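First up is the structure itself, then whatever we jot down about it.
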Amino acid sequence: MGIGSGNQTLSGVPCIEPVQNLNRAEESENMLNSLRELEKQLLDDDDAQGGDDDVSVITHSNSDWLHGLVTPNPNPVLSSSPTSSSSSSSPSTASTTTSVCSRQTVLEIATAIAEGKTEIASEILARVSQTPSQRRNSEEKLVDFMVTALRSRINPAESSAPATELYGKEHIISTQLLYELSPCFKLGFMAANLAILDASGNNNDDGTSFHVIDFQIGEGGQYVNLLHALSTRRSGKNPLVVRITAVTNISDGFSVAGHRGEERLKTIGDRLSELSDRLGISLKFNVVAGLRLSDLSRESLGCDPDEPLAVNLAFKLYRVPDESVCMENPRDELLRRVKGLNPSVVTLVEEEMNSNTAPFLGRVSESCACYGALLDSVESTVPSSNSDRAKVEEGIGRKLINAVACEGIDRVERCEVFGKWRMRMSMAGFELMPLSEKIAESMKSRLSNGNRVHPGFTVKEENGGVCFGWMGRTLAVASAWR
17 MGIGSGNQTL
27 SGVPCIEPVQ
37 NLNRAEESEN
47 MLNSLRELEK
57 QLLDDDDAQG
67 GDDDVSVITH
77 SNSDWLHGLV
87 TPNPNPVLSS
97 SPTSSSSSSS
107 PSTASTTTSV
117 CSRQTVLEIA
127 TAIAEGKTEI
137 ASEILARVSQ
147 TPSQRRNSEE
157 KLVDFMVTAL
167 RSRINPAESS
177 APATELYGKE
187 HIISTQLLYE
197 LSPCFKLGFM
207 AANLAILDAS
217 GNNNDDGTSF
227 HVIDFQIGEG
237 GQYVNLLHAL
247 STRRSGKNPL
257 VVRITAVTNI
267 SDGFSVAGHR
277 GEERLKTIGD
287 RLSELSDRLG
297 ISLKFNVVAG
307 LRLSDLSRES
317 LGCDPDEPLA
327 VNLAFKLYRV
337 PDESVCMENP
347 RDELLRRVKG
357 LNPSVVTLVE
367 EEMNSNTAPF
377 LGRVSESCAC
387 YGALLDSVES
397 TVPSSNSDRA
407 KVEEGIGRKL
417 INAVACEGID
427 RVERCEVFGK
437 WRMRMSMAGF
447 ELMPLSEKIA
457 ESMKSRLSNG
467 NRVHPGFTVK
477 EENGGVCFGW
487 MGRTLAVASA
497 WR
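Residue numbers for the sequence shown follow my numbering, so the first one is 17 and each next one is one higher.
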């Protein structure tokens, strides 16, 4: 999302440097084995995530991001679990079911690929490609995206570069629109903001400052909400000084616009400063670009020795490679470096999806379930007349295609479930700060103060985090750490 240097970038891309010692290799191998064991346990528990503590609610918000939301979609989200017959798919049996492509057909193709039967998979895909799709609903769009992904996996040379597309300007825009249009992501950012304000002691009367370090600031929308929330809480007459430092590097989004990352971030900072002036808040915005991971410190980030420090990692870590990609393991190294900053709070918001180290067939099934629910929620709540809806859906398609078609460093997004994030954070030395009941209730109230949002959106507290979902499927989880 910005300018990097010729050295290793903050997110560790590319991961091509040789391993320097056996201790690092053994540490990465131990972590990978631990995660695989945890993954087996979590996969056994997947069916239990839509429990009795789900809160089904109707929502309203005063901000523009919820305007135009409409009535429920009568089409249910179908099960994505592969059947035992999938492994025995053949051209003759598949020919009777591909006249209308379905999730079952997708899983049959994926099973053939997983078993090394690429000829069978290619034959099924050839028939599917001849079946016209009217893209009438979210389920058909999901299947279309999945077919594209599977075709790309078999014949990568004949497809566009899905990894490159996830760094493109169009995808950056579609991601920001998704964050604005989906309550699951919007409320995840809000929950992180409330945790930051609670940990920073925001009812200051003497102008005391606090400092937020952000590694994935995007368009700055999260801080528009933070400044508004702060203005409603501040009771003193003296201005509160808020410092925001945006850390960027060449592997993140803004680098696609001619290496103008710093300039773009400074523009965002200027807009936030204008807003803070209107709200009576003193804002100091700073950009740190091209910083090597090994140089990350309070000094390099310009932190004052005694100021309260918050680190925001909302939707950052899932794009940072881990030990399954390269032995340097920048994901865990970044967490250790953040721990060394001695922050008062670290906020984590991530998509709830087990796609990082899951085997290929499990990843296909998980992608069907997660992205199917996400597409269904968009279709059910955003009218087709809204031009942004198509951009969001295409962005979801790019995410799905990359998750299924690519491996290694080319698989850009590597989501994990909250249980795995808890393990990683704990191993980096962090302690979970269960989000207060007040924060969870605030999020629920935002989904119940009106009648414009589909009742399928859910909020629940679980294992110290706040989970935001659609029709019982958790799509995002917010948590706080120290």
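Every residue gets a Cβ at the ideal spot worked out from N, C-alpha and C, and that includes glycine.
Bear in mind the structure is a predicted one, so any value in this text is a computation, not a measurement.
#1: Any chance the CB of Ser452 is under 8 Å from a heavy atom of the ligand MG?
#2: Quick one: what's got a C-beta closer than 8 Å to Val304's C-beta in the same chain, skipping five residues either side?
#3: What would DSSP say about Leu213, mapped onto helix, strand or coil?
#4: Measuring alpha carbon to alpha carbon, tell me which residue in Cys117, Glu395, Asp320, Gly234 is nearest Leu187.
#5: Could you give the uninterrupted runs of the beta strand (DSSP E) lying entirely in the segment 234-317, keeping only those of 3 residues or more?
#6: Leaving aside the five residues before and after Arg169 along the sequence, list all residues of the same chain whose C-beta is less than 7 Å from its C-beta, in chain order.
#7: Assuming Arg489 is part of the beta strand (DSSP E), what are its boundary residues?
#8: So what does DSSP say about Val394, is it helix, strand or coil?
#9: Taking the DSSP output, what are the residues bridged to Cys483?
#10: Less than 9 Å between the beta carbons of Ser495 and Val365, yes or no?
#11: Buried or exposed: which applies to Ser403, given that a residue is buried once 16 or more other Cβ atoms fall within 10 Å of its Cβ?
#12: Which residues in the same chain as Met162 place their Cβ atom closer than 6 Å to its Cβ, once the five residues preceding and following it in sequence are excluded?
#13: Per DSSP, what are the beta-bridge partners of Phe226 in this structure?
#14: Looking at C-alpha atoms only, which residue of Leu491, Trp497, Arg498 is the closest neighbour of Pro199?
#15: Assign Asn171 to one of two classes, buried (16 or more other C-beta atoms within 10 Å of its C-beta) or exposed (fewer than that).
#16: Nearest-angstrom Cα distance between Gly356 and Thr127?
#17: Under the rule that 16 or more other beta-carbon atoms within 10 Å means buried, what is Thr363, buried or exposed?
#18: Can you list, in chain order, the residues of its chain whose CB lies under 6 Å from that of Arg536, leaving out five sequence neighbours each side?
#19: As a quick exercise: from Asn372, Glu447, Ile136, pick the residue whose alpha carbon is nearest that of Leu333.
#20: Let me confirm a value: Pro375 is counted as buried when at least 16 other C-beta atoms fall within 10 Å, else exposed. Which label applies?
The relevant details are as follows:
#1: Within the structure as shown, the ligand MG is missing, as the structure has no ligands at all.
#2: Counting from 1 along the sequence shown, the entry for residue 304 is found at position 288. If we look at Val304 and ignore the five residues flanking it on each side, its Cβ neighbours are Thr261, Ala262, Val263, Thr264, Ser316, Leu317, Gly318.
#3: Numbered from its first residue, the sequence shown carries residue 213 at position 197. Here Leu213 sits in helix by DSSP.
#4: For the purposes of this step, residue 187 is taken as residue 171 along the sequence shown, with counting starting at 1. Here the sequence assigns His to residue 187, which means Leu is not the residue at that position. For the options Cys117, Glu395, Asp320, Gly234, the alpha carbon positioned closest to that of His187 is the one of Gly234.
#5: Counting whole runs of 3 or more residues, the segment 234-317 contains the beta strand (DSSP E) stretches 257-264, 298-305.
#6: Here residue 169 corresponds to residue number 153 of the sequence shown, with the count starting at 1. Once the five neighbours on either side are set aside, the close Cβ partners of Arg169 are Ile129, Val420, Ala421.
#7: Residue 489 sits at position 473 when you count from the first residue of the sequence shown. 489-497 is the span of the beta strand (DSSP E), which, as asked, contains Arg489.
#8: As a position in the sequence shown, residue 394 is number 378, starting the count at 1. Residue state for Val394 is assigned as helix, using DSSP reduced to three classes.
#9: Reading the sequence shown from its first residue, position 467 is the one you call residue 483. Looking at the DSSP assignment, Cys483 forms a beta bridge with Lys476, Val493.
#10: Along the sequence shown, one-based indexing puts residue 495 at 479. Along the sequence shown, one-based indexing puts residue 365 at 349. Contact flag set, yes.
#11: Taking the first residue of the sequence shown as 1, we reach residue 403 at position 387. Label assigned to Ser403: exposed.
#12: Here residue 162 refers to the residue found at position 146 when the sequence shown is read from its first residue. Excluding positions up to five away in sequence, the list reads Val122.
#13: Here residue 226 refers to the residue found at position 210 of the sequence shown. According to DSSP, which records beta bridges pairwise, Phe226 is partnered with Val258.
#14: Taking the first residue of the sequence shown as position 1, residue 199 is located at position 183. Pro199 has its Cα closest to that of Leu491, out of Leu491, Trp497, Arg498.
#15: As a working mapping, residue 171 is identified with position 155 in the sequence shown. Exposed.
#16: Residue numbering aside, residue 356 sits at position 340 when the sequence shown is read from its first letter. Residue numbering aside, residue 127 sits at position 111 when the sequence shown is read from its first letter. About 45 Å.
#17: Taking the first residue of the sequence shown as 1, we reach residue 363 at position 347. Classification of Thr363: buried, given that the 10 Å Cβ count is 16 or more.
#18: The structure shown does not extend to residue 536, since the chain is modelled only from 17 through 498, so no value can be given for it.
#19: If you number the sequence shown from 1, residue 333 lands on position 317. Comparing Cα-Cα distances from Leu333 to each of Asn372, Glu447, Ile136, the minimum goes to Asn372.
#20: The residue given as residue 375 occupies position 359 in the sequence shown. Under this definition Pro375 is an exposed residue.
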